[in-house]
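Residue numbers (full-length UniProt numbering): 1 to 301.
Glycine is no exception: its CB is placed at the ideal position from the N, C-alpha and C atoms.
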């Protein structure tokens with residue numbers, strides 16, 4: 001069959017597809033539900049993984065806290081035995097000691113008590129971290145506790161030629177608090193004050209009743225010194241766990257870095273608060289409050 005050619009001058013037609021018109025592209029809005037579902041699935045997976053990691057970290061933290069509590073408790077028994085036997089030797093019960101032997105025994109006792117205090121701080125911290133700290137309140141005279149602490153710390157103060165005095169009078173109301181824990185707070189503050197006060201300085205304890213929050217009464221306790229002082233920017237830092245303001249100072253005065261953190265926890269457990277007012281080379285004054293219940297005046301105890 002002969003193909004006919006278009007006549008000269010006739011318009012030509014461009015060839016087109018034989019399968020009909022081209023379909024319109026898919027609108028992006030039509031894929032939004034699919035994209036949203038995929039994003040939600042990814043978010044759920046990430047949230048689940050984060051929850052798993054948090055649970056794992058919490059479990060490890062509980063194990064660490066329990067380990068600290070167990071090891072601290074287990075260390076106290078043999079350590080107490082070492083101190084007790086050393087004190088027996090010091091007192092000459094097992095025989096007379098030479099001056100050299102006595103000096104060595106006194107060193108063992110001193111180091112043993114320092115280590116026992118550190119172990120006690122770790123144990124208290126571990127119990128606090130595990131929310132196992134509880135109060136055993138009783139009625140007692142603050143003046144009696146202060147007298148015991150003054151007597152206990154007087155040898156160290158005398159050795160450093162630091163004047164140690166109490167301004168706590170016997171007319172204060174009886175406290176309704178945990179005597180052991182409050183004694184721990186005061187002992188820590190008093191020990192720090194003596195350690196950081198140079199020869200010829202002064203350390204004191206004072207207390208007074210005052211108006212507290214919401215028209216309640218509270219006891220304000222002060223432990224002051226004329227020591228090296230604390231820079232204002234470190235006033236909050238020193239109450240944090242394991243905090244050390246100055247590495248050189250921490251090496252000179254051994255400790256766990258837990259003492260003030262524990263003191264704050266114990267004070268807050270009583271419903272009080274603790275803070276410091278200090279500046280470098282101007283001494284320090286540590287204050288804490290304990291809410292008062294209606295009691296009779298402080299009697300000898």
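Bridge partners of residue i, per DSSP?
| i | result |
| --- | --- |
| residue 179 | Beta-bridge pairing links residue 179 to no other residue. |
In three-state DSSP terms, what is residue i?
| i | result |
| --- | --- |
| residue 31 | helix |
| residue 138 | strand |
| residue 92 | coil |
| residue 104 | helix |
| residue 40 | helix |
| residue 97 | coil |
| residue 115 | helix |
| residue 133 | coil |
| residue 55 | helix |
| residue 84 | helix |
Provide the residue span of the alpha helix (DSSP H) that contains residue i, from first to last.
| i | result |
| --- | --- |
| residue 291 | Run containing residue 291: none in the alpha helix (DSSP H); it sits in the beta strand (DSSP E), 284 to 291. |
| residue 143 | 142 to 159 |
| residue 262 | 259 to 269 |
Which residue marks the beginning of the beta strand (DSSP E) containing residue i, and which one marks its end?
| i | result |
| --- | --- |
| residue 333 | Shown here, the chain extends from 1 to 301; a query on residue 333 therefore has no answer. |
Give me the Cβ distance between residue i and residue j, rounded to the nearest whole Å; I'm assuming they're in contact under 8 Å.
| i | j | result |
| --- | --- | --- |
| residue 194 | residue 162 | 6 Å |
| residue 220 | residue 289 | 6 Å |
| residue 183 | residue 145 | 5 Å |
| residue 197 | residue 227 | 4 Å |
| residue 105 | residue 90 | 5 Å |
Checklist entry - Could you give the uninterrupted runs of the alpha helix (DSSP H) lying entirely in the segment 161 to 249, keeping only those of 4 residues or more? => result 179 to 195
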